[in-house]
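Just below is one structure, and these are the notes that go with it.
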Amino acid sequence: MKKATPIVLLAALLGLPAAAWEPVTQQAVVTTAMHVLTKEGVLQLSKLERDVREGASVAPEMLDDLYPALATGKVRAIEAEMHLLAAVRAGGGVAPYYAYRLGALGRLVAEISAPLADEPTVYRKRYYADVAANFRQVPLKLSQRKLVDPLPYFERVKGQASSRRDLILRDYQEGIGFNGVARAALSDDYSRSVAAVADVWSTVLTGGGIHAGVSEAQLRDYVLNAMAYYVARRNPLDIDSNQKRLARLVHSTPDLDKQIGDMFFEAAYFERAIRQYKNVLRVQPARRDVVERLAEYYMKLGNEALEEQRLEAAHDAYAKALEVDPLHTEAEAKRLKAQRLITQRDTRLETARRFIQEAAQLETDAERFAMRDRYADAIDALKHARDIYQDVGDEFAVEFRAAAAGMSNIDFRLRELKGGLVQNAQRLSGGGLTFELQQLAAHKTSELDERALQKLTTNALKAEVDRLMAAYQSALEIR
């Protein structure tokens with residue numbers, strides 16, 4: 512036996528990591544197996560290629576979460592996953608998360624079926640880098656599908672993969688590297704990994720009677736992981752359809768509903784989360800962790816609505832918080848505050864509406880006065896209406912717009928009434944005013960200057976002007 516070199520001994524002592532194949536090779540092995548099974552008619556997995564690829568590229572640190580049995584060895588982990596996926600498959604079709612798990616399982620199978628998979632030397636890393644650069648150039652050797660009994664199956668596969676171990680290592684140690692045995696054996700080695708993945712998947716997908724012994728706890732873990740997968744994808748239709756599918760796998764429990772509710776809550780799918788939490792409370796109405804989370808959620812909604820002056824929404828949210836948790840320290844006080852603000856606001860709204868009605872009535876009265884040539888009374892009514900409109904603030908948009916429209920209409924009517932008054936001054940005077948008086952009246956927008964008028968009139972018209980001024984002085988006070 513050839514004596515180990517110092518560098519090999521050092522690598523063995525250091526315990527180099529033993530993940531087999533480079534990630535690009537693992538991806539290729541898994542996706543090639545997927546296309547082989549599709550072509551063989553086992554299952555049309557190509558529509559779920561994205562999910563398969565995602566599973567095949569799962570981060571190493573996530574493998575322990577997916578495969579609790581991994582601590583006992585990769586073959587045991589593969590066996591446990593095959594049982595689980597066969598049981599899930601028996602309960603329905605192949606969904607995206609199922610394809611993801613197939614991809615992750617394929618990655619594990621690719622690792623265990625690779626040459627040098629357990630070789631703790633620095634040469635394995637160089638070998639895998641060379642494989643990643645060359646595997647596309649070798650032909651794939653197809654094989655007939657085999658049912659997989661994991662322990663004997665992988666014992667045989669690992670034996671085949673390690674049959675050239677010493678030869679490959681010697682080539683790398685002697686400087687030949689990949690151009691020796693490794694290149695010549697690549698087609699066999701790559702095809703073996705593809706076949707192993709395809710065999711495992713085919714056994715799972717076609718049943719094979721391997722799903723006995725899967726516990727309810729294992730199925731619940733699968734459901735939780737699947738829901739986390741769908742929630743992370745943020746496709747509501749996908750979430751709904753797959754949640755219904757997953758619900759057929761396990762019996763609902765308060766803890767399961769709570770965990771799914773927490774996923775939804777953290778992803779801001781609050782309505783879905785609330786449905787899950789309410790399922791919990793129907794079974795365990797006094798469960799404080801759910802009660803407190805729901806109450807605080809409603810309180811948060813109430814506070815946000817109150818800040819935005821959406822008073823009814825705030826009141827309803829506080830009421831829901833109180834309904835969920837009657838002992839909440841702030842819910843009732845906040846609800847009463849919202850109710851008080853609603854009452855005050857409604858009072859202000861009613862006042863604004865009353866102002867608009869009063870002003871509108873004054874506008875109607877002004878029109879009746881004008882039809883009877885009572886211009887002074889008409890203008891006084893319009894001015895009073897305008898003062899009332901000005902008391903309507905901008906808190907209520909509809910009423911504020913109505914008041915603004917009313918004031919605009921009043922300004923227009925006041926100009927019309929003033930013009931009509933000037934044009935009809937001679938008829939209204941009964942004695943005929945001078946042209947100068949008409950001009951002065953037409954240009955006056957405040958109080959008429961009585962002394963100026965007296966200078967423009969003759970003694971003969973003084974009495975008539977005094978009478979006219981007494982009747983219409985307030986009418987001509989247009990602001």
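Under the numbering used here, think of the first position of the sequence shown as 512, with each following residue one higher.
The beta-carbon is built from N, C-alpha and C at its ideal position, and this holds for glycine as well.
Task: residue 780 - DSSP class collapsed to helix/strand/coil - done: coil
- [ ] For residue 882, count neighbouring Cβ atoms within 10 angstroms of its own Cβ and tell me buried if that reaches 16, exposed if not.
- [x] Label assigned to residue 882: exposed.
Task: Closest residue to residue 560 among 553, 697 and 542 (Cα-Cα distance) - done: If we check each option's Cα against that of residue 560, 542 comes out closest.
Task: Beta carbon of residue 741 nearer than 8 Å to that of residue 608 - done: In this structure, residue 608 lies closer than 8 Å to residue 741 by Cβ.
TODO: Quick one: using the 10 Å Cβ neighbour count with 16 as the cut-off for buried, is residue 997 buried or exposed?
DONE: Missing from the structure shown is residue 997; the chain here goes from 512 to 990 and no further.
Task: Euclidean distance between Cα positions of residue 785 and residue 829 - done: 16 Å
Task: Proximity of residue 625 and residue 531 at Cβ, strictly below 8 Å - done: yes
- [ ] Kindly indicate the opening and closing residues of the alpha helix (DSSP H) around residue 867.
- [x] 842-882
TODO: May I ask you to report which of helix, strand or coil DSSP gives residue 687?
DONE: coil
Task: residue 822 (DSSP reduced to helix, strand or coil) - done: helix
Task: Own chain residues within Cβ distance below 7 Å of residue 833, not counting five before or after - done: Spatial neighbours of residue 833 in its own chain (CB-CB distance under 7 Å, excluding positions within 5 residues in sequence) are listed in chain order as 839, 842, 843 and 846.
Open item on the list: Counting C-beta neighbours from all protein chains within 10 Å, is the total for residue 604 16 or more, i.e. buried, or is it exposed?
Closed with: exposed
TODO: Determine the burial state of residue 851: buried for a count of at least 16 other Cβ atoms within 10 Å of its Cβ, exposed for fewer.
DONE: exposed
TODO: Would you mind reading off the limits of the alpha helix (DSSP H) that contains residue 889?
DONE: 886-901
Open item on the list: With distance defined between alpha-carbon atoms, name the residue in 546, 880, 674 and 680 nearest to residue 651.
Closed with: Of the listed residues, the one whose Cα sits closest to residue 651 is 546.
Task: Limits of the unbroken alpha helix (DSSP H) element including residue 631 - done: Unbroken run through residue 631: none, as it is neither H nor E.
- [ ] Within the same chain, show all residues whose beta-carbon is closer than 6 Å to that of residue 776, passing over the 5 residues directly before and after it, in chain order.
- [x] 784
- [ ] Would you identify the three-state DSSP class for residue 657, choosing helix, strand or coil?
- [x] coil
Open item on the list: Excluding the 5 residues flanking residue 588 on each side, which residues of the same chain have their C-beta closer than 6 Å to its C-beta?
Closed with: 578, 580 and 581
- [ ] Under 8 Å Cβ to Cβ from residue 688, same chain only, skipping five residues before and after it: list those, please.
- [x] 637, 641 and 682, listed in sequence order.
TODO: Using 7 Å as the cut-off, classify the Cβ of residue 605 as near or not near the heavy atoms of the ligand FAD, replying yes or no.
DONE: Summarising the ligand content, the structure contains no ligands, and the ligand FAD is consequently not present.
- [ ] Taking residue 747 as the reference, give the member of 781, 760, 764 and 715 with the closest Cα.
- [x] Nearest of 781, 760, 764 and 715 to residue 747, Cα basis: 781.
Open item on the list: Could you compute how far the alpha carbon of residue 584 sits from the alpha carbon of residue 619?
Closed with: 11 Å
Task: residue 769 and residue 801 closer than 8 Å at C-beta - done: yes
- [ ] Rounded to whole angstroms, what's the CA-CA distance from residue 736 to residue 757? Just pull it up for me.
- [x] 11 Å
Open item on the list: Just to confirm before moving on: does the CB-CB distance between residue 772 and residue 754 stay below 8 Å?
Closed with: no
TODO: Return the residue from the list 899, 859, 849 and 856 that minimises the CA-CA distance to residue 866.
DONE: 899
Task: Minimum C-alpha distance to residue 924 - residue among 673, 905, 908 and 879 - done: Checking every option, the nearest Cα to that of residue 924 belongs to 879.
- [ ] Buried or exposed for residue 804, please, with buried defined as at least 16 other CB atoms from any protein chain shown within 10 angstroms of its CB.
- [x] buried
Open item on the list: Under 8 Å: do the region 592-599 and the region 671-681 share three or more Cβ pairs, one atom per stretch?
Closed with: No: fewer than three Cβ pairs fall under 8 Å.
Task: CB of residue 646 within 8 Å of CB of residue 701, strictly - done: yes
- [ ] Would you mind reading off the limits of the alpha helix (DSSP H) that contains residue 578?
- [x] It is not in any alpha helix (DSSP H) - residue 578 carries neither H nor E in the DSSP assignment.
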